[in-house]
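Q: Structure provided below as structure tokens; questions to follow.
There are 2 protein chains.
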Amino acid sequence: MKRTSRDIRTANRYGVLRQIIARSPTSRQELAAATGLSLATVATLVGELLDLGMLTEVGFEDSAGGRPRGLVAVNASGGALIGVDIAETYVRVELFDLALNVLARAREGMCPGGTLPEQVVGHVVSAVGSVVTQAGVEGARVLGVGVSVPGQVDRETGTSEYAPNWDWHDVPLLDLLAEHIAYPLHLDNPLRACAVAELWFGAARGRGDAVVVNLGTGVGAGLVLGGGLHRGVSNSAGEWGHTTLVLDGRPCHCGDRGCVETYAGAPGIMLNLRELSPDSPLLHPEDQTATIDALARAVAAGDPVAVQAVRDTARYLGAAIANLVNLLDPEVVVLSSWVAAALGEPLLREVREAVARHALKRPLAGTEIVLSPIPTDPVCLGAATFALEGALSSAVRGPAAGGPAARRAAPAARTASAPRTDPARSRTAPPA
Amino acid sequence: MKRTSRDIRTANRYGVLRQIIARSPTSRQELAAATGLSLATVATLVGELLDLGMLTEVGFEDSAGGRPRGLVAVNASGGALIGVDIAETYVRVELFDLALNVLARAREGMCPGGTLPEQVVGHVVSAVGSVVTQAGVEGARVLGVGVSVPGQVDRETGTSEYAPNWDWHDVPLLDLLAEHIAYPLHLDNPLRACAVAELWFGAARGRGDAVVVNLGTGVGAGLVLGGGLHRGVSNSAGEWGHTTLVLDGRPCHCGDRGCVETYAGAPGIMLNLRELSPDSPLLHPEDQTATIDALARAVAAGDPVAVQAVRDTARYLGAAIANLVNLLDPEVVVLSSWVAAALGEPLLREVREAVARHALKRPLAGTEIVLSPIPTDPVCLGAATFALEGALSSAVRGPAAGGPAARRAAPAARTASAPRTDPARSRTAPPA
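From first to last, the protein sequence lines are chains F and H.
Following our numbering, the numbering of the first sequence begins with 6 at its first residue and continues without gaps.
Following our numbering, the numbering of the second sequence begins with 6 at its first residue and continues without gaps.
Here it is in structure tokens:
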């Protein structure tokens, strides 16, 4: 999409709030210096955020010789945000305050046969109810729920268009959830959730161009370009897991062959290990998490097969990340999600070496490769950030101003403003 | 890089001029509607462009019931721009008016042994002198010269950092040219020249996200993202030719193996043909252009080997373009440069089929694949556009306001304002 002046205003609003979350309390003058915006623009945006109750005035600081400067901070208790990470084998839900501190967590496991849409919706509804109850927040204070589901999603209609691991096609996920959850709902996928988490709170903050490489059961690359999330024309950008690395290589569930995901996703890593040692005791054929954890422990213990399996994985991953470096020339590549967290520094070292063998000198010199510094589940955090962005947009646009988030948000937010003890369990939202 | 408000003003200025070049004469009201900018912003930008002599007032049109609206048009004779396409086997130079019509052309061939920097500089200087003489423009009216050289370039210092086909390393090309050419000089590479040509004048105009796939001796992808050229942190974005398509595949001159370029660049296509038919009469081992032209004629005549060679090439190209579609989710992929022009529709048909076999359904549905509609050399046109952009930036910033183009432009422009008959031949510019 082309960037309009509305997009730019929205990006500026995000930028200011991001900076305040990173460093509170702060003055308008510091914000202007940190964001590159004019003091007048910053003052307007801060005024809007104060009006919305997202910020609070917290006193003054002396300025050398000038008038004392007013200080603002995030109003952490100004509202709550919920992030939902629907993964292949579990649903994880976290409830955050407005400074994005986790106040409550819930997790439900899913067995391989239990991933029909209505079953997944049941898990989400139950876990959302749990975090609201645990945190004891009033329903009225929940500004929104961001939901991340793997695969390709249509944000406008709230539809999971294609979730390859479960073979979901055109599941109207937000409509199903809105039958039970009265808060404003926002749908996206883990690639973009992880990218936005890094952009707001992690290694991409303050960077113009960053790639957040998501290593889990599936793999993908969330793209931060020009300081904002690059979504593409149909909100499908980032499907790096389904780019060809080995023409006519391993078969992929997407129907193609040789996709990056078949070598670098958790099942691909298990295959790398099996090719090296078919009877390895590290292999738990039905349990990706157990296998990756066992692999990580074995690498730490110096097991040569495990070390070689990580090296082989890094050989594929390094070539595929070098493709991103050569094509996009980013400032930073962030390795995120549970496989990256589990394999950690040993994987990072091997990946850096492999990227250096494949990337061109000039873009390589400009690119750092790092592990995600985010200590909690980046998908929940990113999903909650989508809810925060949605709350910012709909509040400023007003409920009648259109945009899918605003349309969905307006009636749900009105309903939720009557406090209830467990809003997640009752059907109150009008159909969207 | 992050976008600052200066970047946005510059982008808006380009957007307005682009629209006026596309559709002249036009009113400020039409411009506001076409660009999505406010009428006040458009009026300011039009005022600046009128002051610079780039636009001219051309009368009024009636508006239904309102005041007559002033019309503006490009002031074609307000200045001249020169585009230089340094390719592997030739130097082509074109001189344009401000509406980007070609006024004069020159071309110099280069033999394989004649590509030392000083030899190439000699060809450029001679061809630039020729177009200025042919067009009979005064030196003072040449607003700038855009120079495109293959490989990786540092625009700030005007250096060709790495030109793989000639094994150039850190050649200070603009400094060498400035010893002979007194006009403001701007360096970039053919990927970005072709992309900016499509953005201003071709299939990417008005599009937010477009990929311009450059098929020549080398291959690459110029990226238009968010309505502007994506350069990356070290101005190296777009090296799609050196992304891995076949891990451990054909050796590439970049030192890696299996790069897209080894299958889809002109030498790669010759190899595809040779693998199919080692003694094919279509092969001119020392002449890429002759081989590609012979292949195109044979396809038109229905020769089955030629048809199969194009199909094999499209098989590689389709997988590699599907990678771009899945990763970036663009609105349009444009096939540009001389190999695309020569193989034309038959190549396009096969590429579309191959991309459809590899790309994911959702991004594929949002992406058009087209041949470049630009009838002239897109590299010269794009290079001249860089000169136009440079003239716009330095004129508005003023000569002291920094930025590499402005720094280079200011002394050269001052020198050039004293008319000379053949400024390209005389050494007048102070060292940059």
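Glycine residues also receive a C-beta, built at the ideal position from the N, C-alpha and C atoms.
Here the structure is a predicted model, which is why all the values come from computation and not from measurement.
Can you name the residues of chain H whose CB is closer than 7 Å to the CB of F/N331?
A: Near F/N331 (Cβ distances below 7 Å), the residues of chain H are E244, H247 and T248.
Q: For my contact list, F/G64 and F/L76 are in at a C-beta cut-off of 8 Å; report their separation, rounded to the angstrom.
A: Indeed they touch by this definition, with Cβ atoms about 5 Å apart.
Q: Using the beta-carbon count (16 or more within 10 Å), is H/L397 buried or exposed?
A: When all chains shown are included, H/L397 counts as buried.
Q: For H/V344 versus H/A271, is the C-beta distance shorter than 8 Å?
A: Yes.
Q: Kindly identify the DSSP beta-bridge partner or partners of H/N219.
A: H/G225 and H/S341.
Q: Name the residues in the segment 371-386 of chain F whose C-beta lies less than 7 Å from a C-beta of chain H; which are they?
A: The residues in question are G371.
Q: Using a C-beta to C-beta distance shorter than 9 Å, which residues of chain H count as neighbours of F/N219?
A: Chain H residues near F/N219: none, gap ~13 Å exceeds 9 Å.
Q: Does the Cβ-Cβ distance between F/V384 and F/E203 come in under 8 Å?
A: Not closer than 8 Å, so no.
Q: Along the alpha helix (DSSP H) that carries F/D3, what are the first and last residues, could you check?
A: Shown here, chain F extends from 6 to 437; a query on residue 3 of chain F therefore has no answer.
Q: Just checking, does the segment 387-395 of chain F make contact with the segment 343-363 of chain F on the three C-beta pairs under 8 Å criterion?
A: At 8 Å Cβ cutoff, the stretches do not touch.
Q: Run the CB neighbour count on H/D193, radius 10 Å, all protein chains shown included, and call it buried at 16 or more, exposed below.
A: H/D193 comes out buried.
Q: Exposed or buried, F/N240, counting other C-beta atoms within 10 Å across all chains shown (16 or more means buried)?
A: Answer is buried; the Cβ neighbour count reaches 16.
Q: According to the Cβ coordinates, are H/N80 and H/L60 closer than 8 Å?
A: Result yes, Cβ atoms of H/N80 and H/L60 sit closer than 8 Å.
Q: Starting from the beta carbon of H/V251, find every residue of chain F whose beta carbon is closer than 8 Å, and list them in chain order.
A: Simply V251 and L252.
Q: Taking just the CA atoms, how far does F/L55 sit from F/P424?
A: Because the pLDDT at F/P424 is just 33, under 50, the model does not fix this residue reliably, and the point stays unresolved.
Q: Can you name, in chain order, every residue of its own chain whose Cβ lies under 8 Å from the Cβ of F/A132, other than the five neighbours on each side?
A: Hits under 8 Å: V89, V96, R97, V98, A111, R112 and E113.
Q: Listing by chain order, which chain F residues have their CB less than 9 Å from the CB of H/Y167?
A: Here the neighbours are L365, K366 and R367.
Q: Could you spell out the range, first to last residue, of the alpha helix (DSSP H) harbouring F/T267?
A: Its alpha helix (DSSP H) spans residues E266 to A269.
Q: Which ranges does the alpha helix (DSSP H) cover as unbroken runs of at least 4 residues, wholly within the segment 121-168 of chain F, from first to last along the chain?
A: Correct list: 122-140.
Q: Taking only the alpha-carbon atoms, compute the straight-line gap between F/H191 and H/E266 and give it to the nearest angstrom.
A: Near 41 Å, if we compare the C-alpha coordinates of H/E266 and F/H191.
Q: Could you tell me the boundaries of the alpha helix (DSSP H) in which F/I326 lies?
A: Here the alpha helix (DSSP H) through F/I326 covers P309 to L333.
Q: Can you name the residues of chain F whose CB is closer than 9 Å to the CB of H/A226?
A: Neighbours of H/A226 on chain F, chain order: L332.
Q: Nearest CA to the CA of F/N341: which residue from F/S282, F/L332, F/G246 and F/C199?
A: According to the sequence provided, residue 341 of chain F is Ser. The question's Asn does not apply to it. Taking only the C-alpha atoms, the option nearest F/S341 is F/C199.
Q: Contact between the segment 248-264 of chain F and the segment 368-382 of chain F is defined here as three or more beta-carbon pairs at a separation below 8 Å; is this criterion met?
A: Short answer: they don't touch.
Q: Counting C-beta neighbours from all protein chains within 10 Å, is the total for H/L121 16 or more, i.e. buried, or is it exposed?
A: Its Cβ having fewer than 16 others within 10 Å, H/L121 is exposed.
Q: For a contact defined as C-beta to C-beta under 7 Å, what are the partners of F/A324 on chain H?
A: Chain H residues near F/A324: T249 and L252.
Q: Using a C-beta to C-beta distance shorter than 9 Å, which residues of chain F count as neighbours of H/Q157?
A: By Cβ distance, chain F contributes L365, K366, R367 and P368.
Q: Interface residues of chain A around H/D67 at Cβ under 9 Å?
A: Reference to chain A is not applicable here, since the protein chains of this structure are F and H.
Q: Could you give the DSSP three-state label for H/Y19: helix, strand or coil?
A: Helix.
Q: Which residues bound the beta strand (DSSP E) around F/A78?
A: Its beta strand (DSSP E) spans residues R74 to V79.
Q: Would you call H/E358 buried or exposed, if buried means 16 or more other Cβ atoms sit within 10 Å of its Cβ?
A: By the neighbour-count rule (16 or more Cβ atoms within 10 Å), H/E358 is not buried but exposed.
Q: Please classify F/R302 as buried or exposed, where buried requires at least 16 other C-beta atoms within 10 Å of its C-beta.
A: When all chains shown are included, F/R302 counts as exposed.
Q: If we define contact as Cβ-Cβ less than 8 Å, is H/S153 a contact residue for chain F?
A: No, no contact with chain F.
Q: Taking all protein chains shown into account, decide if H/H128 is buried (16 or more other Cβ within 10 angstroms of its Cβ) or exposed.
A: So H/H128 ends up on the buried side.
Q: Hey, is H/N80's beta-carbon within less than 8 Å of any beta-carbon in chain F?
A: Chain F, which has no Cβ nearer than 8 Å to the Cβ of H/N80, makes this no.
Q: When Cβ atoms are compared, which residues of the segment 176-193 of chain F fall closer than 8 Å to chain H?
A: Listed by position along the chain: nothing, the set is empty.
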